[in-house]
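Below: one structure, written as structure tokens.
Residue numbers (the numbering used here): 42 to 128.
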């Protein structure tokens, strides 16, 4: 492949990398395990049920986060009632 063709191919994809955005970033380290995370967003359903919801998890929770840090667990096991996270 000619160098000019390689350069054109690379330049074609640079705008995709340059335009990448982070819409939400959080470590959840200040949030309580087993509760919904605190932040500028809303949830549906507003309270967790056995089939739909969000909660902060870590290595000792069930389910456990295999990475050992806190993260958000989103679960939707109900085909009739959707789960939403709106920012």
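The beta-carbon is built from N, C-alpha and C at its ideal position, and this holds for glycine as well.
Return the bridge partner residues of residue 112 from the DSSP annotation.
Start at 1 with the first residue of the chain shown, and residue 112 comes out as number 71. For residue 112, which the question treats as bridged, DSSP gives the partners 98.
Identify the residues that DSSP records as bridge partners of residue 127: which are they?
Reading the chain shown from its first residue, position 86 is the one you call residue 127. The partner list for residue 127 (beta bridge, DSSP) reads 83.
Rounding to the nearest angstrom, what Cα-Cα distance links residue 98 and residue 104 in this structure?
Here residue 98 refers to the residue found at position 57 when the chain shown is read from its first residue. Here residue 104 refers to the residue found at position 63 when the chain shown is read from its first residue. If I take the Cα positions, the gap works out to 7 Å.
Quick check on residue 72: does DSSP put it in helix, strand or coil?
For the purposes of this step, residue 72 is taken as the residue at position 31 of the chain shown. Three-state DSSP puts residue 72 in coil, outside helix and strand.
I'd like the list of long-range same chain contacts for residue 82, defined as Cβ closer than 7 Å, with 5 residues on each side in sequence excluded.
Locating residue 82 in the chain shown gives position 41, where the first residue counts as 1. Excluding residues within five positions, the ones whose Cβ falls inside 7 Å are 126, 127, 128.
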